[in-house]
Amino acid sequence: NCPAHVLIFRQGIKSYRDLPLRIYENGCCHRNEPHGALHGLMRVRQFTQDDAHIFCREDQIVAEVRTFCELADRIYRDFGFTYAIKLALRPAQRYGSDADWDKAEEELRNAVIEAGLATEEYGWEELPGEGAFYAPKLEWHLTDAIGRTWQVGTIQSDRVLPERLDASYIGEDGEKHRPVMLHRAIFGSYERFIGILIEHNAGRLPVWLAPVQAVVATIVSDADDYARDVSARLRVAGIRVETDLRNEKINYKVREHSVAKVPHLLVVGKREAEEGTVAIRTLGEERQKFVTLDEAIALLKAEATPPDLH
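Structure, rendered in structure tokens:
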């Protein structure tokens, strides 16, 4: 994806006023991993990457990296992760001059400092020799519920590829200049991140993230019409809901949806249909709550709202 984005940048003459230019794609990637190394969603041969490149002037680098740091912080916290930031420094075998590497490393370091993340709280650490051959990089290492760490997000400050692929822009002085190319990804691989997320939550995703947020289950067939009405009201409220009208005992339905890790089960029978109420069974809780339908909708809407929209 990197060379392709440079080719897109090279389409037409670019001015310093056009920068920063940000190009993003969900790119399908392939790696011929050894068969023995494949492992569930964590190590696969085909994956989808949230790949983006930012073409910018040198005076824009720190601000762009700081903005990325703040975005990554918000996203990882929304998903419930703690993380550590590492700065991977120049390897022994590398492209580019020492002066360029000095500048690139200092820019990444300053961006993290400005974002307030270069602290012990965020596991800040510098890793000599761990950078890519063309650029230093910041790495985000997530910690899951059982203490394992996973390297996911990265941002790299690259002066090599724009030079090798002849990317340029017209500066304020009317002369050609090389842009700096920032390679960035927050998830790295969607498949791998989803695998980490599922294991971190032991399959019990927060309500806002669960594919099915609620199931309306009937005790008797006389409550089928009311169950459909309840589901319709929940869908209008933006809740991802399914309706279970099967001719099965309610304990069977409760057990099945609990195993499927559905966050909320709304049980309705003749009494609930007559009173306009529901019995809410929340995953992991033994007691059920009897509330009006309006109260149930308000409760589920609050829990189903993504953290960044609160």
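Going by our numbering, the sequence shown opens with residue 1007, and the numbers climb by one from there.
Where is the CB? At the ideal position from N, CA and C, for every residue including glycine.
Every value quoted in this text rests on a predicted model; they were computed, and no experiment measured them.
Thinking C-beta only, is Y1101 closer than 8 Å to V1050? Not closer than 8 Å, so no.
Suppose contacts are defined by Cβ-Cβ distances below 8 Å. Is W1107 in contact with P1142 by that definition? If you check the CB distance, W1107 and P1142 come in under 8 Å.
Between the alpha carbons of I1029 and E1111, how many angstroms are there, rounded? Straight-line measurement puts the Cα of E1111 at about 23 Å from the Cα of I1029.
Segment contact flag, the stretch 1083-1096 with the stretch 1173-1187, C-beta cutoff 8 Å, min 3 pairs: No: the two stretches stay apart, fewer than three of their Cβ pairs being nearer than 8 Å.
CB contact flag (V1118, L1148, <8 Å): The Cβ-Cβ distance between V1118 and L1148 does not fall below 8 Å.
Using the Cα positions of E1127 and A1302, report the straight-line distance between them to the nearest angstrom. Looking at the two C-alpha atoms, the distance is approximately 39 Å.
Close beta carbons around P1313, own chain, < 6 Å, minus the five adjacent residues each side: Only residues of its own chain outside the window of five on either side were considered, and among them D1084 have a CB closer than 6 Å to the CB of P1313, listed in chain order.
If L1306 and H1263 are in contact, beta carbons under 8 Å, what's the gap, nearest whole angstrom? Not a contact, Cβ separation roughly 15 Å.
Per DSSP, L1272 forms a beta bridge with which residues? The beta-bridge partner set that DSSP reports for L1272 consists of V1222 and I1286.
Rounded to the nearest angstrom, how far is the Cβ of I1192 from that of A1078, given a contact under 8 Å? Between A1078 and I1192 the Cβ distance is about 6 Å, and since that is below 8 Å, they are a contact.
So, helix, strand or coil for H1041, using DSSP? Judged by DSSP in its simplified three-state form, H1041 adopts helix.
Which whole-angstrom value describes the C-beta separation of A966 and I1245, a residue pair presumed to lie in contact below a C-beta threshold of 8 Å? The requested residue 966 does not occur in the structure, where the chain is confined to residues 1007 to 1316.
CA-to-CA distance, R1037 to E1291, given in whole angstroms: Answer to the nearest angstrom: the Cα atoms are 43 Å apart.
Between the C-alpha atoms of S1237 and V1247, what's the straight-line distance to the nearest angstrom? One Cα belongs to S1237, the other to V1247, and the distance between them is close to 6 Å.
Could you give the DSSP three-state label for N1116: helix, strand or coil? N1116 falls in the helix class under three-state DSSP.
Between I1060 and R1190, which are expected to be in contact by the criterion C-beta below 8 Å, what is the C-beta distance as a whole number of angstroms? That pair is a contact at about 7 Å.
Do you know offhand how far R1198's Cα is from R1277's? For R1198 and R1277, the distance between alpha carbons rounds to 46 Å.
Span of the beta strand (DSSP E), counted from its first residue to its last, around G1033: Note, G1033: beta strand (DSSP E), L1027 to H1036.
Which runs of the alpha helix (DSSP H), 4 residues or longer, sit entirely within the stretch 1085-1140? Whole alpha helix (DSSP H) segments, 4+ residues: 1104-1120.
CB-CB under 7 Å to G1282, same chain, minus the five flanking residues each way: which ones, in chain order? So the qualifying residues of the chain are T1298 and L1299.
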